[in-house]
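Here the structure comes first, spelled out in structure tokens, and everything after it is commentary.
2 protein chains.
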Amino acid sequence: MKAVVIEDSELTVAERPDPEPGSGEVLVRVRGAGVNGADMLQRRGRYPAPPGSPQDIPGLELAGEVVGRGPGAERFAEGDRVAAIVGGGGQAELCTVHERGVMPVPEPLDWPAAGGFTEVFTTAHDALFTQAGLRAGERLLVHGGAGGVGTAAVQLARAAGARVTATVRREEARPEVERLGASAIGPEGFGEHGPFDVILELVGAPNLADNLGALATEGRIVVIGIGAGAKAELNLAKLLGTRGRIMGSTLRARPLEEKALAMRRVERHVLPLVESGALEVPVAETFSLDDAERAYDSFAEGGKIGKIVIVP
Amino acid sequence: MKAVVIEDSELTVAERPDPEPGSGEVLVRVRGAGVNGADMLQRRGRYPAPPGSPQDIPGLELAGEVVGRGPGAERFAEGDRVAAIVGGGGQAELCTVHERGVMPVPEPLDWPAAGGFTEVFTTAHDALFTQAGLRAGERLLVHGGAGGVGTAAVQLARAAGARVTATVRREEARPEVERLGASAIGPEGFGEHGPFDVILELVGAPNLADNLGALATEGRIVVIGIGAGAKAELNLAKLLGTRGRIMGSTLRARPLEEKALAMRRVERHVLPLVESGALEVPVAETFSLDDAERAYDSFAEGGKIGKIVIVP
Numbered sequence: 191m192k193a194v195v196i197e198d199s200e201l202t203v204a205e206r207p208d209p210e211p212g213s214g215e216v217l218v219r220v221r222g223a224g225v226n227g228a229d230m231l232q233r234r235g236r237y238p239a240p241p242g243s244p245q246d247i248p249g250l251e252l253a254g255e256v257v258g259r260g261p262g263a264e265r266f267a268e269g270d271r272v273a274a275i276v277g278g279g280g281q282a283e284l285c286t287v288h289e290r291g292v293m294p295v296p297e298p299l300d301w302p303a304a305g306g307f308t309e310v311f312t313t314a315h316d317a318l319f320t321q322a323g324l325r326a327g328e329r330l331l332v333h334g335g336a337g338g339v340g341t342a343a344v345q346l347a348r349a350a351g352a353r354v355t356a357t358v359r360r361e362e363a364r365p366e367v368e369r370l371g372a373s374a375i376g377p378e379g380f381g382e383h384g385p386f387d388v389i390l391e392l393v394g395a396p397n398l399a400d401n402l403g404a405l406a407t408e409g410r411i412v413v414i415g416i417g418a419g420a421k422a423e424l425n426l427a428k429l430l431g432t433r434g435r436i437m438g439s440t441l442r443a444r445p446l447e448e449k450a451l452a453m454r455r456v457e458r459h460v461l462p463l464v465e466s467g468a469l470e471v472p473v474a475e476t477f478s479l480d481d482a483e484r485a486y487d488s489f490a491e492g493g494k495i496g497k498i499v500i501v502p
Numbered sequence: 191m192k193a194v195v196i197e198d199s200e201l202t203v204a205e206r207p208d209p210e211p212g213s214g215e216v217l218v219r220v221r222g223a224g225v226n227g228a229d230m231l232q233r234r235g236r237y238p239a240p241p242g243s244p245q246d247i248p249g250l251e252l253a254g255e256v257v258g259r260g261p262g263a264e265r266f267a268e269g270d271r272v273a274a275i276v277g278g279g280g281q282a283e284l285c286t287v288h289e290r291g292v293m294p295v296p297e298p299l300d301w302p303a304a305g306g307f308t309e310v311f312t313t314a315h316d317a318l319f320t321q322a323g324l325r326a327g328e329r330l331l332v333h334g335g336a337g338g339v340g341t342a343a344v345q346l347a348r349a350a351g352a353r354v355t356a357t358v359r360r361e362e363a364r365p366e367v368e369r370l371g372a373s374a375i376g377p378e379g380f381g382e383h384g385p386f387d388v389i390l391e392l393v394g395a396p397n398l399a400d401n402l403g404a405l406a407t408e409g410r411i412v413v414i415g416i417g418a419g420a421k422a423e424l425n426l427a428k429l430l431g432t433r434g435r436i437m438g439s440t441l442r443a444r445p446l447e448e449k450a451l452a453m454r455r456v457e458r459h460v461l462p463l464v465e466s467g468a469l470e471v472p473v474a475e476t477f478s479l480d481d482a483e484r485a486y487d488s489f490a491e492g493g494k495i496g497k498i499v500i501v502p
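Chains as they are written, first to last, in the numbering used here: chain Y, 191 to 502; chain Z, 191 to 502.
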């Protein structure tokens, strides 16, 4: 099979042996595989794939048809349209994944949307609700509202009755984020728009001091993205003053059972909203597997609304 | 009545008008009033009393007899032995407090122990269980294990089946902390004793970097004390790596209903352990009201096991 390959920080497209589904696994013919921030880090050698995942093939999410099943895999039949979260290996023509890490693809989603859905919506849902406990009526600030996780978070929070503000660097992108349900603002001076009950940090350390200043009593800051830097100064007196919480979260490093649990929650609480059309999966651009490097460059360039998806 | 008074960072003992119990309040003749870290901060002008509390009389906890009741106060009768948490005003001969902020004094506690019980045990119980969700079998690190909150936390965690390590600066104090149920270590190099599921930070910012390094996956750091400093550098990459949480918590700034809720939990889950003798309230020293300054100096000097209590 053909696959995107990262070796020594070099991105190429190369032939790799077809993977075989092991016990409880399905083999998926990949039709869409989203590009994520973690891929950028992996390309720079800073975010190795977890043990048990292909070390050289990136890609955390994919959608496609089931074309094979390992021993004991019974949740899906051959031909089923499925989407999955994997520790790596999604950006290839074929990928194996444990059936508990797979969910059905709702009717309204085409392959690019399905391929860019699971990681961002599961990440956003887990961060907002399972980690931060966001409730109806609360005020949410999303830093990086125009990205994949950002647009998912804006929509999920809106659907849950929260009042959403999102920082969006590019002014041209703000109307689209507003259309998805947020009040879109620039990243400068965001603190004046608080206080916020929950802050979803997708950018990094530079926002932390102002996040603390903009936090409501018993507010929660969930840090998922640190692309703009990891080292911040933390004023504990402010944290005590608001009785605030700072939480770090990643999906990728979790064991199968935790990812599977997060995906079951998405199946139950998010897929119905996708089916009803209440949530959409904005796709910015698609690229063929051979054009993977351009897909990565486009992601790194930033400033687009929605997902960049590789369609093998 | 006579009271400890802090004005312009000057501590004196002075006459103040007797307080009158308002609606739902009881008037308590104070027999013991613990000295806490917050009093030290208030003396230095850095921790003003919350609105509605006496601004010039310190003291967050007290025990004594009910000697009067305001309209609608029905939980306690005159003569009842009670203990209370207040926003301020405890270090005086008389103090008013809302009856929901009062709990009965268990039989085994004498007045000094009762006067030094509520704030530290409620703070420790809230931090360990309500905030950090400490569970049996988890590993807890208590920074500042020889102090009032520290000795309460060690005992509560031990009673709940957690495995407890405590840092204790003074080597002479370690055997006593070990007797209460912790493995006592020096503050240097504590990170080598991890990983810990929960870290109770009673010292301050200087520990934060090593706390993060010693945190188990999904670990929680609860920061209550910042006497040694508030500004820390935070490496968000480490927080993401462990999916950790840093929580700030204070009891004093909370509204009555939240304090009352925390005290109800102590009534239900802690008082039975005091009654059975499973928990003790170590009292280091007692001072008369006239000797309040010496009590404060003794607290500031540190290095003692258990509470310093003013007995009016």
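We treat Cβ as the ideally placed atom computed from N, Cα and C, and that holds for glycine.
Residue span of the beta strand (DSSP E) that contains residue i, given as start and end
| i | result |
| --- | --- |
| E255(Y) | E251 to R259 |
| G403(Z) | Here G403(Z) belongs to no beta strand (DSSP E); instead the alpha helix (DSSP H) covers L398 to G403. |
| E470(Z) | Segment: none, E470(Z) is in no beta strand (DSSP E) and carries neither H nor E. |
| V194(Y) | K192 to E197 |
| V203(Y) | E200 to E205 |
Range of the contiguous alpha helix (DSSP H) that encloses residue i
| i | result |
| --- | --- |
| P302(Z) | W301 to G305 |
| E465(Z) | L461 to E465 |
| R233(Y) | G227 to R233 |
Helix, strand or coil at residue i according to DSSP, with G and I counted as helix
| i | result |
| --- | --- |
| K494(Y) | coil |
| A482(Y) | helix |
| R153(Y) | Any property of residue 153(Y) remains undetermined from this structure, which presents chain Y solely from 191 to 502. |
| E210(Z) | coil |
| R442(Z) | coil |
| R454(Y) | helix |
| H283(Z) | Reading off the sequence, residue 283(Z) comes out as Glu, not His. E283(Z) falls in the coil class under three-state DSSP. |
| G409(Y) | strand |
| V310(Y) | helix |
| L424(Y) | strand |
| R271(Y) | strand |
| E289(Y) | helix |
| F477(Y) | strand |
| A418(Y) | coil |
| L390(Z) | strand |
| G242(Y) | coil |
| G431(Y) | helix |
Where residue i falls, given that 16 or more other Cβ within 10 Å makes a residue buried
| i | result |
| --- | --- |
| R236(Z) | exposed |
| A223(Y) | buried |
| A404(Z) | buried |
| P209(Z) | buried |
| P302(Y) | buried |
| A253(Y) | buried |
| P248(Z) | buried |
| P561(Z) | In the structure as shown, chain Z starts at 191 and stops at 502, and residue 561(Z) therefore has no counterpart that could be examined. |
| R369(Y) | exposed |
| T432(Y) | buried |
| A336(Y) | buried |
| D229(Y) | buried |
| D387(Z) | buried |
| D316(Y) | buried |
| A474(Y) | buried |
| E264(Y) | exposed |
| L357(Y) | The identity of residue 357(Y) in the sequence shown is Thr, whereas the question assumes Leu. Buried, since its Cβ has 16 or more Cβ neighbours within 10 Å. |
**Study point:** Ordered list of alpha helix (DSSP H) runs contained in the region 312 to 388 of chain Z, each at least 4 residues
**Key:** Those alpha helix (DSSP H) runs which fall completely within the region 312 to 388 of chain Z and span 4+ residues are 338 to 349 and 364 to 370.
Review point. Taking a cut of 9 Å between CB atoms, which residues from the region 425 to 436 of chain Y lie near chain Z?
Key: Under the 9 Å Cβ criterion, the region 425 to 436 of chain Y contributes N425, L426, A427, K428, L429, L430, G431, T432, R433, G434, R435 and I436.
Check your understanding: Between the region 407 to 422 of chain Z and chain Y, which residues of the former have a C-beta closer than 7 Å to a C-beta of the latter?
Key -> Within the region 407 to 422 of chain Z, the residues whose Cβ lies closer than 7 Å to some Cβ of chain Y are V413, I416, A420, K421 and A422, listed in chain order.
Check your understanding: Which residues, in order along the region 385 to 397 of chain Z, keep a beta-carbon less than 9 Å from a beta-carbon of chain Y?
Key -> Going along the region 385 to 397 of chain Z in chain order, one finds E391, G394 and A395 with a Cβ nearer than 9 Å to chain Y.
**Study point:** Cβ-based contacts, 9 Å cut-off: residues of the region 439 to 452 of chain Z near chain Y
**Key:** From the region 439 to 452 of chain Z, only S439, T440, A443 and R444 have a Cβ closer than 9 Å to chain Y.
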